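Below is one structure, written out as structure tokens; comments come after it.
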Amino acid sequence: MLKIENLQAEIDGKAILKGLNIEVKAGEVHAIMGPNGAGKSTLASVIAGKEEYEVTGGNIELNGEDISELAPEERAHNGVFLSFQYPVEIPGVSVTNFIKTAINETRKAKGLEDMPAKDMLKMIREKSELLEIDRKFLGRSLNEGFSGGEKKRNEIFQMAMLEPKLAILDETDSGLDIDALRIVANGVNKLKSKDNAVIVITHYQRLLDYIVPDFVHVLHDGKIVKTGDASLALELEAKGYDWIKQELV
Amino acid sequence: MSKYTEEQLEEELKTQEYKYGFYTDIESDTFPVGLNEDVVRAISKKKNEPEWMTEWRLEAFRVWEQMEEPEWANVHYEKPKFQDIAYYSAPKQKPKLNSLDEVDPELLDTFKRLGISIDEQKKLANVAVDIVMDSVSVATTFKKTLGEKGIIFMPISEAIQEHPELVKKYLGTVVPTSDNFYAALNSAVFSDGSFCYIPKGVKCPMELSTYFRINEGGTGQFERTLVVADKGSYVSYLEGCTAPMRDENQLHAAVVELIAMDDAEIKYSTVQNWYPGNKEGKGGVYNFVTKRGLCENNAKISWTQVETGSAVTWKYPSCILKGNNSVGEFYSIAVTNNFQQADTGTKMIHLGKNTKSTIISKGISAGKSQNSYRGLVQINSRAENARNFSQCDSLLMGNECGAHTFPYIETKNKSAQIEHEATTSKIGEDQLFYCNQRGIDTEKAIALIVNGFSKEVLNKLPMEFAVEAQKLLEISLEGSVG
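Chains as they are written, first to last, in our numbering: chain A, 1 to 249; chain B, 250 to 731.
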């Protein structure tokens, strides 16, 4: 699904990713953990194609195709989805209107007609039930005045609607209380299939109690320095990151 | 008529941003350039006007001659040379039409290109369209249906002939000839426009609509609109404008007067899309408009405008809340891109008791444009318990444009309650990236964000107009973020 080789990226001349490798296959869940400033969110932004970051080396392949030169929307059309750590507000644009536009723009890029309204309605109904989303919520302006939990749930709702191949969840657990965390994690689990893949970026182990990863990677100073299974996350939780840093010396 | 050179042709083909930029090749009957008393008399004569009308125009001309062009607005432009403008232009063929079959086929084609299918509008939208083509109305529809209700909706030139008592009674009562430089000029030379009268207690059963076009090169267009809603009546009036591509500046100085008698309501909606000039700021229409409405007891006037066109806009649709319990509303979206300049807003003059006004202004600036809101809320000494709420929001795109807000509040009565809110925001990279990440490209993302920003005002427009207005916002901002 996703193959990243020797990825190097910088922002404003400052190198953040320094030769990162990762391979994610369909049906897998990968967790990327690491201390603050390791480059976790940068990795998410670079995969999604944020323009402020300059890729200075390496490549990003999605299903065998190099996507590193594609515009962010083209990557989205190819099935990349990023659940933002800080989702933006768009006043006056309802959740429904936003998701409708996103779906139809993606369909347009694929040469398809707009999704018929009744299909859209059916899908919205199904997915909002799946994520325990109140109908009223769908009429509100996108993220405007949303609580932390609502914002994250809205991100996962969009993910459910867009049915991406590769979903990257950037600190989706931050700002969530335990109930919201459970709902969001359950949503992600229900959306998982053998045909898609999920990358979970997180500081803490607690999200991984709900979304159990097949692989855990530790990102440090722009590189993956250690890879293991779910137990690695527990070990990190118990010991912190310092022992990994010391191991590297 | 100046030549249409190879270069001009090329220029037109190049600049395709302006969708409605084309001429209609209809023979026109145009006066030589220049303005003096003889020209004013000639216009009046050409239109077969009664003596009182000629005198009215002459008086306005004499006032205008003594006046100076105003300079207080936050706009900069090369002033029109008023002696280089032709003050009258009418299509030569001016048949009295009973059906569409009698309309010049080329004119019909123009309407089609503008997306106005009269037939379709008749059938689907329930809209009666009085089309003003180069100052003279050439088609009036639905007159009969309206006639049965006693509603008068016709070109003002015809109204002067057929209903002189009404025109004489109300013309210039809300915007006097001496009101301002452009209003005086308009009063002297106005070529045509619309007249509408709704009798007592009648609710107009359809939206009344007028489409304007400037067509002949070098002729300023001076529209005059007068809407009178008699006691307890209701009317919703739509005004939409498109103009053909021109390389020289065109002057447009319209006057609109609304009169809402006791318990009457007038809703006046405008979509303005005159040619804004090219990307270098060359050409474009100068739009200097005076719009004002008078409310008697318990009357209500709502102005809704979507201003996307013109190189320079100077426009303040206002309400005089003369009657007790009268209500004035102003909902505005003004978009400026490239080198456009807009100085627009409203005046709410509270004279009566318990009068209420609401102002919602949304300014969107892109490119190197300047967008100013200018509004006056005036509470007079006898206006007990007057209330006003104003909200002025500005949205900026890029770093080279400007948004300005000039709110004036004058109150002479302690019981007044006035609220003013203002915000300025910028379309951020983060918002665009968020949309991009969801598969929405930047152009579409801007349209989405702008439509969201403008929603409160778009919602005030009649349905069919709202759709058109949304499209216009998108077209106007194309290429505004690189």
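Virtual Cβ for every residue (Gly too), placed ideally from N, Cα, C.
All values derive from a computational prediction rather than experimental measurement.
| Item | Value |
| --- | --- |
| Start-to-end residues for the alpha helix (DSSP H) that takes in glutamine 680 of chain B | 678–686 |
| According to DSSP, residues forming a beta bridge with isoleucine 201 of chain A | A/Ile32 and A/Asp170 |
| Candidates B/Glu545, B/Lys661 and B/Phe579: closest to tyrosine 622 of chain B by CA position | B/Phe579 |
| Distance cut-off 7 Å: phenylalanine 655 of chain B Cβ against heavy atoms of the ligand GDP | The ligand content of the structure shown is nil, which means the ligand GDP is not present either. |
| Beta carbon of glycine 677 of chain B nearer than 8 Å to that of serine 643 of chain B | no |
| Spatial neighbours of serine 406 of chain B in its chain, beta-carbon cut-off 7 Å, leaving aside the 5 residues before and after | Lys296 and Asp441 |
| Three-state secondary structure assigned by DSSP to glycine 787 of chain B | Limits of chain B in this structure are 250 at one end and 731 at the other, which puts residue 787 of chain B out of reach. |
| Straight-line gap, alanine 38 of chain A to glycine 222 of chain A (C-alpha atoms, nearest Å) | 6 Å |
| DSSP-derived helix/strand/coil call for valine 212 of chain A | coil |
| Distance between histidine 220 of chain A and serine 683 of chain B (C-alpha atoms, nearest Å) | Here the sequence assigns tyrosine to residue 683 of chain B, which means serine is not the residue at that position. About 26 Å. |
| Contact set between the segment 694–709 of chain B and chain A, restricted to residues whose Cβ is under 8 Å from the partner | Leu697, Ile698, Asn700, Gly701, Phe702, Ser703, Lys704 and Glu705 |
| Leucine 721 of chain B versus glutamate 144 of chain A - alpha carbon distance | 26 Å |
| Closer than 8 Å to chain A by CB, glutamine 640 of chain B | no |
| Cβ neighbour criterion (16 or more within 10 Å) applied to isoleucine 401 of chain B | buried |
| Secondary structure of isoleucine 334 of chain B, DSSP reduced to three states | coil |
| Glutamate 253 of chain A at chain B interface by Cβ criterion, 8 Å | Outside the displayed span of chain A (1 to 249) sits residue 253 of chain A, for which this structure offers no information. |
| Partners in chain B for lysine 50 of chain A, counting only beta-carbon separations shorter than 7 Å | Phe682 |
| Close-in-space but distant-in-sequence residues of the same chain around proline 35 of chain A (CB under 6 Å, 5 per side omitted) | Tyr241 |
| Cβ neighbours of tryptophan 552 of chain B in the same chain (closer than 6 Å, five flanking residues each side left out) | Tyr517, Pro566 and Phe579 |
| Cβ of threonine 42 of chain A within 8 Å of any chain B Cβ | no |
| Within-8 Å CB hit, glycine 731 of chain B to chain A | Only weak support is given to the placement of glycine 731 of chain B: the predicted model assigns it a pLDDT of 49, under 50, and the question is left unresolved by the model. |
| Isoleucine 90 of chain A in three-state terms, based on DSSP | strand |
| Contact the segment 589–604 of chain B vs the segment 557–574 of chain B: 3+ CB pairs below 8 Å | yes |
| Beta-carbon contacts of alanine 322 of chain B that lie in its chain and below 8 Å, excluding the five residues immediately before and after | Trp563, Asp592, Ser621 and Arg623 |
| Separation of alanine 76 of chain A from aspartate 66 of chain A, as counted between CA atoms | 14 Å |
| Expected contact under 8 Å - CB spacing of glutamate 506 of chain B and valine 424 of chain B to nearest Å | 5 Å |
| CB contact check: valine 93 of chain A to chain B, cutoff 8 Å | yes |
| Opening and closing residue of the alpha helix (DSSP H) in which alanine 180 of chain A lies | 178–191 |
| Between the CA atoms of glycine 594 of chain B and proline 281 of chain B - distance to the nearest angstrom | 35 Å |
| Partner residues on chain B for glutamine 158 of chain A, Cβ-Cβ distance less than 7 Å | Arg687 |
| Cα-Cα separation, alanine 619 of chain B to threonine 585 of chain B | A small fix is needed here, since residue 619 of chain B is glutamine in this sequence, not alanine. Going by the C-alpha atoms only, they are around 7 Å apart. |
| Boundaries of the alpha helix (DSSP H) in which serine 741 of chain B is found, first to last residue | Coverage of chain B is limited to positions 250 through 731, which leaves residue 741 of chain B absent and any answer about it impossible. |
| Residue-level contact to chain B via CB, proline 116 of chain A, 8 Å cutoff | no |
| Nearest-angstrom Cα separation, counted from methionine 120 of chain A out to lysine 14 of chain A | 44 Å |
| Of the residues A/Ser128, A/Val198, A/Ile60 and A/Glu163, the one placed nearest glutamate 5 of chain A, counting alpha carbons only | A/Ile60 |
| Asparagine 78 of chain A, DSSP secondary structure in three states | coil |
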